[in-house]
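End of the sequence shown sits at 167 in UniProt numbering; the numbers just go up one at a time, nothing left out. Report on the following structure.
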Amino acid sequence: MRMQEMIGLTVYDVEHGKQVGKVVDILLNHDWSIVGIQLENRLFWTSGVKAVGWDDIVAYGDDAVMIRNQQAVRKWGAENIQNTFLTGNGKLKELPVLTEDGIRLGHVTDVYFEHELGNTITGIEISDGFFTDLMEGRKLLPFLPEMTRGENVIMVPLGSEQLLEKP
């Protein structure tokens with residue numbers, strides 16, 4: 001599954017079958033694991049975000065995300081959020097991807113994770129620009145444990161350009 005596909009899904013609690021919100025972002029830690037989902041926050045005057053921890057998600061699919069109950073929805077402070085997919089200071093989307101020897105592979109357009117493996121990232125989708133996308137399509141870089149997210153760039157090991165494949 002791609003993170004972009006999860007954005008916008010409706011979230012329901014299994015206990016009462018009640019809609020509790022929509023997914024607006026995916027929350028990750030520094031180890032590239034998904035730790036939760038951010039829900040739309042209608043209370044603009046509060047600090048922090050409305051979120052659900054990954055362990056409280058019972059199931060997710062093409063149409064909805066199912067959580068245990070409404071108590072799973074909690075307020076997370078900014079200090080608890082290390083990286084995000086779509087918004088904020090720690091976002092991954094649109095970050096350039098560079099090899100350690102300075103070769104620019106493109107920028108992040110999506111992040112893949114394995115449905116059966118839960119919160120494990122399996123690869124990042126990379127675009128090298130509109131015309132390259134039209135001519136060659138986007139590329140998928142399989143997840144490498146040596147990938148690091150810097151302040152302004154994602155660094156990947158030497159030779160990573162050889163690992164690019166079609167998504």
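Note that the Cβ used here is the ideal one computed from N, Cα and C, for glycine as well.
>> Using 9 Å as the threshold, is the C-beta distance between Arg-104 and Leu-95 below it?
In response: Along the sequence shown, one-based indexing puts residue 104 at 104. Along the sequence shown, one-based indexing puts residue 95 at 95. No, Cβ-Cβ distance for Arg-104 and Leu-95 is not below 9 Å.
> When burial is assigned at 16 or more other CB atoms within 10 Å of the CB, is residue 207 buried or exposed?
Replying inline: Past the edges of the chain, shown from 1 to 167, lies residue 207, and the structure says nothing about it.
> Between which two residues does the beta strand (DSSP E) carrying Glu-125 extend?
Replying inline: Start at 1 with the first residue of the sequence shown, and residue 125 comes out as number 125. Unbroken beta strand (DSSP E) run through Glu-125: 121-127.
>> With three or more C-beta pairs closer than 8 Å as the rule, is the segment 69-80 touching the segment 8-21?
In response: yes
> If Val-58 sits next to Leu-39, beta carbons under 8 Å apart, how far is it from one beta carbon to the other, in whole angstroms?
Replying inline: Mapped onto the sequence shown, residue 58 falls at position 58. Mapped onto the sequence shown, residue 39 falls at position 39. So it is not a contact: roughly 16 Å between Cβ atoms.
> Between Gly-21 and Val-49, what straight-line distance do the alpha-carbon atoms span, to the nearest angstrom?
Replying inline: Here residue 21 is taken as the residue at index 21 of the sequence shown, counted from 1. Here residue 49 is taken as the residue at index 49 of the sequence shown, counted from 1. Approximately 13 Å between the Cα atoms of the pair.
> Do you know how far the Cα of Thr-148 is from the Cα of Ile-154?
Replying inline: Along the sequence shown, one-based indexing puts residue 154 at 154. Along the sequence shown, one-based indexing puts residue 148 at 148. Cα to Cα, the separation comes out at about 6 Å.
>> On the DSSP bridge list, what partners appear for Met-135?
In response: Here residue 135 is taken as the residue at index 135 of the sequence shown, counted from 1. Paired residues: none, contrary to the question.
>> I need the DSSP call for Asp-25, collapsed to helix, strand or coil.
In response: To locate residue 25, count along the sequence shown from 1; it is residue 25. Strand at Asp-25.
> Which residues in the same chain as Leu-163 place their Cβ atom closer than 8 Å to its Cβ, once the five residues preceding and following it in sequence are excluded?
Replying inline: Here residue 163 is taken as the residue at index 163 of the sequence shown, counted from 1. Excluding sequence neighbours, Leu-163 sits near Leu-141, Pro-142, Leu-144.
> Which class does Glu-40 belong to by DSSP, given the choice of helix, strand or coil?
Replying inline: Walking along the sequence shown from the start, residue 40 turns up at place 40. Three-state result, Glu-40: coil.
>> Restricting to Cα atoms, I'd like to know which of Ser-33, Trp-32, Ser-127, Ala-64 is closest to Ile-7.
In response: Taking the sequence shown and counting its residues from 1, the one referred to as residue 7 is at position 7. Minimum Cα distance to Ile-7 is reached at Ala-64.
>> At the level of alpha carbons, what is the spacing between Gly-150 and Thr-87?
In response: For the purposes of this step, residue 150 is taken as the residue at position 150 of the sequence shown. For the purposes of this step, residue 87 is taken as the residue at position 87 of the sequence shown. Their Cα atoms are separated by approximately 16 Å.
> Going straight from the alpha carbon of Phe-130 to that of Ser-160, what length do you get?
Replying inline: Here residue 130 refers to the residue found at position 130 of the sequence shown. Here residue 160 refers to the residue found at position 160 of the sequence shown. Going from the Cα of Phe-130 to the Cα of Ser-160 covers about 22 Å.
> Using the C-alpha atoms, what's the distance from Thr-132 back to Val-35?
Replying inline: As a first step, residue 35 is located in the sequence shown; it is residue number 35 there, counting from the start. As a first step, residue 132 is located in the sequence shown; it is residue number 132 there, counting from the start. Going from the Cα of Val-35 to the Cα of Thr-132 covers about 33 Å.
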